[in-house]
Amino acid sequence: MKLNLGCGPDLRPGYLNVDFNAPKGMPPGVGFQETDLSVLPWPWEDESAEEILMLDFLEHFPYAMTQRILQEVWRVLVPGGKVVIQVPDFQHCAYAILNEDGLDFQCNRCGNWQFGSPDPDKCSKCGQTIADMQDAAIHRLYGGQ
């Protein structure tokens, strides 16, 4: 079995595409399972997946869950299996907040940058707080001073 976790509209043939809601207009013949991935353990057997895709998935969970999610990946993955993880570049996001033009940006789920003040509710959905983002920006831009 190949899992595409938190797939959203990225439905891949040959994978069990998994998310909390089925996307609209799902093509025929594409495997989909509606599952709340914040509920652990996941519904799959130990060592049952030869590949797990997690593309822009982890940042949608609280930072404190990261280790438990990765342990669950390890449990479900067959020995020698493949895991692909893609997450936003947090330091790049922090740099964009404090760019050299002095513009103030907000993060919209770490994907879309908009002018305005940081919105703590949106940043917390990425598993980061405004303080986390400020600390990362200071360390990135000023060497931790």
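Going by the numbering used here, the sequence shown opens with residue 7, and the numbers climb by one from there.
The beta carbon of each residue, even a glycine, is placed where N, CA and C say it ideally should be.
- Item | Exposure of V1, with buried meaning 16 or more beta-carbon neighbours within 10 Å | Lying outside 7 to 151, the shown extent of the chain, residue 1 is not represented and no answer is given.
- Query: If you draw a straight line from the C-alpha of Y69 to the C-alpha of V89, how long is it?
  - Reply: 19 Å
- Check whether the Cβ atoms of M7 and S44 sit closer than 8 Å, and answer yes or no. no
- Query: What is the DSSP secondary structure of E53, reduced to helix, strand or coil?
  - Reply: coil
- Query: Between which two residues does the beta strand (DSSP E) harbouring V89 extend?
  - Reply: L83 to Q92
- Message: In the DSSP assignment, the beta strand (DSSP E) including E40 goes from what residue to what residue?
- Response: G37 to E40
- Could you work out which residue in W80, G14, P29 and L22 is closest to L46 when comparing CA atoms only? W80
- Task: Kindly indicate which three-state DSSP category V24 falls into: helix, strand or coil?
- Result: strand
- Does the beta-carbon of V84 have 16 or more other beta-carbons within 10 angstroms, so that it is buried, or is it exposed? exposed
- Task: Name the two residues that bound the continuous beta strand (DSSP E) containing L46.
- Result: Neither: L46 is in no beta strand (DSSP E) and is coded neither H nor E.
- Reducing DSSP to helix, strand and coil, say where L76 ends up. helix
- Opposite L17 in the DSSP bridges: which residues? Bridge partners of L17: none, in fact.
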